[in-house]
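Okay, structure first, notes after.
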Amino acid sequence: MSISIIGAGNMAKGLATRFANAGHPVTLASRDEAKADAAAREVGNGVSSASLASAAQSADIVVLAVPFDAAGNVIEAAGGFAGKIVIDITNPMKADFSGLSIGHTTSAAEEIQKRAPQAKVVKAFNTIFAQVLQNNGQAAGRPATVFIAGDDEAARAAVAELARSAGFETLETGPLATARYLEPAAALNITLGYGLGHGTDIAPTWQRAA
Ligand SMILES: NC(=O)c1ccc[n+]([C@@H]2O[C@H](COP(=O)([O-])OP(=O)(O)OC[C@H]3O[C@@H](n4cnc5c(N)ncnc54)[C@H](OP(=O)(O)O)[C@@H]3O)[C@@H](O)[C@H]2O)c1
1456 MSISIIGAGN
1466 MAKGLATRFA
1476 NAGHPVTLAS
1486 RDEAKADAAA
1496 REVGNGVSSA
1506 SLASAAQSAD
1516 IVVLAVPFDA
1526 AGNVIEAAGG
1536 FAGKIVIDIT
1546 NPMKADFSGL
1556 SIGHTTSAAE
1566 EIQKRAPQAK
1576 VVKAFNTIFA
1586 QVLQNNGQAA
1596 GRPATVFIAG
1606 DDEAARAAVA
1616 ELARSAGFET
1626 LETGPLATAR
1636 YLEPAAALNI
1646 TLGYGLGHGT
1656 DIAPTWQRAA
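One gets my numbering by counting positions in the sequence shown from 1 and adding 1455 to each.
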């Protein structure tokens, strides 16, 4: 599976590391090509950089690793991601981290799907701290769980396969609208990690029989 990650920050580099270690071809792209290039060199392991348009065209799966507020511009600049699986990792936190800017009746993922109607948007990785990605995808010594929401069953399955190949546990949560639950879960994770002193070696999971 070829993966293009849009962004050159902490999550972009962390996901690039995990996916490249699993043997997937990974390309980084950003609004600033020099930053994408520097990030690709920092990650190493065969990760390359490209322009936004070329990264969007060449990949089976595109990851949006930018702030939620930037997603619309990125989608437009990349030409809409028609036909692509687009992984939305964003958490629409308010600037002061006092809460989510949207929710209950919609989610960042659903708003991104509206901006990219011909893409197959899948919510995933939003409940995992960048530090966990840098720690082999493990929190407290165990593989973190990637929760996966999306309306396209095959796209959900492809993202689950990608996450498992990179060493994560996975749990599909159903349609994209279940991102309305996953985004508050991430906000709780941030509250626990940064607000209540549990640190970043944590990740939500779901105890279940199978
Ligand atoms: N950090 C975490 O632990 C974590 C966990 C789960 C989910 N997330 C989500 O992951 C996403 C990325 O977070 P991060 O921690 O990787 O952030 P980050 O380190 O600040 O990186 C953000 C990236 O987005 C780019 N960007 C910012 N504004 C942009 C705009 N208006 N147009 C185009 N690109 C823009 C930045 O480019 P420049 O360098 O040019 O500004 C940078 O490459 C966010 O949506 C966040 O909610 C983060």
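Just so it is clear, CB atoms sit at the ideal spot from N, CA and C, and this is done for glycine as well. Predicted model, so just to flag it, every value in this text is computed and none were measured.
Under 8 angstroms, with one C-beta from each stretch per pair, do the stretch 1533-1551 and the stretch 1566-1584 reach the 3-pair mark?
Result yes; three or more Cβ-Cβ pairs closer than 8 angstroms.
By Cβ distance, which residues of its chain are closer than 6 angstroms to Phe1523, with the 5 residues on each side in sequence left out?
Reading the sequence shown from its first residue, position 68 is the one you call residue 1523. Answer for Phe1523: Thr1545, Pro1547 and Ala1563, listed in chain order.
Just to confirm, is the Cβ distance from Leu1637 to Glu1565 under 9 angstroms?
Residue numbering aside, residue 1637 sits at position 182 when the sequence shown is read from its first letter. Residue numbering aside, residue 1565 sits at position 110 when the sequence shown is read from its first letter. Against a cut-off of 9 angstroms, the Cβ pair of Glu1565 and Leu1637 comes out as no contact.
To which residues does DSSP link Met1466 through a beta bridge?
Mapped onto the sequence shown, residue 1466 falls at position 11. None, per the DSSP bridge assignment.
Could you check what DSSP says for Val1517 in three-state terms: helix, strand or coil?
Here residue 1517 corresponds to residue number 62 of the sequence shown, with the count starting at 1. Of the three classes helix, strand and coil, the one that applies to Val1517 here is strand, per DSSP.
Suppose the cutoff is 8 angstroms on Cβ atoms and the five residues either side in sequence are ignored; what does the same chain contact list for Asp1515 look like?
Taking the first residue of the sequence shown as 1, we reach residue 1515 at position 60. Only Met1456, Ser1457, Ile1458, Lys1539, Ile1540 and Ala1613 meet the Cβ criterion.
Assuming Arg1570 and Ile1530 form a contact by the criterion Cβ under 8 angstroms, report the distance between their Cβ atoms to the nearest whole angstrom.
As a position in the sequence shown, residue 1570 is number 115, starting the count at 1. As a position in the sequence shown, residue 1530 is number 75, starting the count at 1. Contact flag correct, Cβ pair sits at about 5 angstroms.
Near Ala1467, what residues of its chain come up, given a Cβ to Cβ distance below 8 angstroms and the 5 sequence neighbours on each side ignored?
Along the sequence shown, one-based indexing puts residue 1467 at 12. Contacts found: Ile1460, Ile1461, Leu1483, Ser1485, Ala1494, Val1518 and Ala1520.
Suppose the cutoff is 7 angstroms on Cβ atoms and the five residues either side in sequence are ignored; what does the same chain contact list for Ala1610 look like?
Against the sequence shown, residue 1610 aligns to sequence position 155. Answer for Ala1610: Ile1540, Lys1575 and Val1577, listed in chain order.
Compute the beta-carbon to beta-carbon distance between Ala1604 and Ala1634, rounded to the nearest angstrom, for a pair I have assumed lies under 8 angstroms.
Residue numbering aside, residue 1604 sits at position 149 when the sequence shown is read from its first letter. Residue numbering aside, residue 1634 sits at position 179 when the sequence shown is read from its first letter. Ala1604 to Ala1634, Cβ: 5 angstroms. Contact.
Under 8 angstroms from any heavy atom of ligand 1, does the C-beta of Gly1464 make it?
Reading the sequence shown from its first residue, position 9 is the one you call residue 1464. Yes, the Cβ of Gly1464 comes within 8 angstroms of a heavy atom of ligand 1.
Just to check my reading of the structure: Ala1585 and Ile1657 have Cβ atoms closer than 8 angstroms, yes? What is that Cβ distance to the nearest angstrom?
Looking up residue 1585 in the sequence shown gives position 130. Looking up residue 1657 in the sequence shown gives position 202. 13 angstroms between Cβ atoms; not a contact.
Quick check on Leu1651: does DSSP put it in helix, strand or coil?
Here residue 1651 is taken as the residue at index 196 of the sequence shown, counted from 1. Coil.
Over the uninterrupted alpha helix (DSSP H) stretch that includes Val1502, give me the two end residues.
Here residue 1502 corresponds to residue number 47 of the sequence shown, with the count starting at 1. No alpha helix (DSSP H) holds Val1502; DSSP gives it neither H nor E.
Along the chain, where does the alpha helix (DSSP H) that runs through Ala1618 open and close?
For this step, residue 1618 is matched to residue 163 along the sequence shown. Ala1618 -> alpha helix (DSSP H) spans Glu1608 to Ser1620.
Since Phe1523 is in the beta strand (DSSP E), which residue starts that stretch and which ends it?
Start at 1 with the first residue of the sequence shown, and residue 1523 comes out as number 68. Premise fails: Phe1523 lies in the alpha helix (DSSP H), Phe1523 to Ala1533, not in any beta strand (DSSP E).
Please report how far the alpha carbon of Ile1557 lies from the alpha carbon of Gln1568, in whole angstroms.
Here the question's residue 1557 lines up with position 102 in the sequence shown. Here the question's residue 1568 lines up with position 113 in the sequence shown. Whole-angstrom Cα-Cα distance: 15 angstroms.
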